[in-house]
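Asker: To start, I am sharing the structure in question, which I have written as structure tokens.
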Amino acid sequence: MDGTVLMLLIGLVAFAYAMVGHGGASGYLALLAIVGMSVPMAKSSALIINLFVSGISFAQYARAGHFRWRVFWPFALASVPMAWLGAGIDIEPLLYKRILAVCLLLAVLRMFGFFGKGGEAERAAPLPLALMIGAVLGLVSGMIGIGGGILLSPVLLLLRYADTKVTACTSALFILVNSAAGLAGTSELGAVLTPTLAAWVAAALIGGLAGAYIGAIMLQPV
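Going by the working numbering, the first residue of the sequence shown is number 8, and it counts up by one from there.
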């Protein structure tokens with residue numbers, strides 16, 4: 008795949024994911040797999056791009072008034088250390104591809120509003136349940152190199168812990184902290200810090216800014 012085409016596709020992935028508060032790691036991982044990048048380097052690259060896009064998404068949604076600390080922290084508390092732990096675990100390649108495929112499917116379903124609008128009035132998740140869910144999502148996210156927002160969003164919406172906008176904002180920050188934890192637990196960080204990665208980040212920033220603005224400000228909940 009031509010480098011310019013890859014950069015454009017990364018920007019498009021960032022745009023689409025940022026509209027619903029996601030960072031896009033599963034999409035970047037799929038693209039980097041197509042071009043033949045090794046899984047460890049792809050995971051680190053995707054997490055770095057994820058940091059920027061999820062940060063943009065969170066800033067846009069939070070500025071629009073959609074952040075709820077009480078929704079975020081119970082899930083994040085256990086997910087962050089587990090994401091760090093998961094980043095150091097190698098899993099069998101076929102299992103990795105299957106989990107990534109499920110994550111891509113969840114992302115597409117979320118973009119099309121498959122999980123509904125959630126709850127109009129947020130209700131607090133029971134702390135033991137939130138900690139358990141957060142730990143599992145963090146571990147899985149760390150192992151495959153994503154931030155976990157595509158896993159958290161269905162939970163928040165289907166269990167009616169948040170509406171779509173609050174879910175997007177919560178997921179964006181969840182992705183940000185888990186991506187940072189995953190990067191801290193990886194051994195490939197130095198190898199991916201290249202000018203090529205900088206170009207990918209720039210493309211993702213442009214796409215992410217546009218997508219997050221549209222999702223947070225212009226679109227009605229779906």
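Ideal Cβ positions, reconstructed from N, Cα and C, are used throughout, including at glycine.
State yes or no: is the C-beta of Gly-145 within less than 9 Å of the C-beta of Pro-88?
Answerer: Yes, the Cβ-Cβ distance between Gly-145 and Pro-88 is below 9 Å.
Asker: Once you ignore the five residues that flank Leu-216 on each side, which residues in its own chain have a CB closer than 6 Å to its CB?
Answerer: Cβ neighbours of Leu-216 beyond the five flanking positions: Ile-63.
Asker: Counting pairs of Cβ atoms below 8 Å between the region 12-31 and the region 93-103, do you hit three or more?
Answerer: No, they do not touch.
Asker: Taking 6 Å as the limit between beta carbons, can you name the residues of its chain near Thr-193, skipping five residues before and five after?
Answerer: Ser-51 and Ala-94, listed in sequence order.
Asker: For Ala-21, does the three-state DSSP call read helix, strand or coil?
Answerer: Reduced to three states, the DSSP call for Ala-21 is helix.
Asker: Measuring straight from C-alpha to C-alpha, what distance separates Leu-190 and Leu-159?
Answerer: Those two C-alpha atoms are separated by around 19 Å.
Asker: Between which two residues does the alpha helix (DSSP H) holding Gly-218 run?
Answerer: Its alpha helix (DSSP H) spans residues 202-220.
Asker: In whole angstroms, what separates the C-alpha of Gly-30 from that of Ala-71?
Answerer: Each residue's Cα considered, the two are about 18 Å apart.
Asker: Considering only residues of the same chain and omitting the five flanking positions on each side of Arg-130, which have a CB-CB separation below 7 Å?
Answerer: Within the same chain, Arg-130 has close Cβ partners Arg-167 and Tyr-168.
Asker: Between which residues of its own chain and Ala-21 is the CB-CB distance below 6 Å, once the five residues before and five after are set aside?
Answerer: Counting only Cβ-Cβ distances below 6 Å, and skipping sequence neighbours, we find Gly-31, Val-60, Ala-211, Gly-214 and Gly-215.
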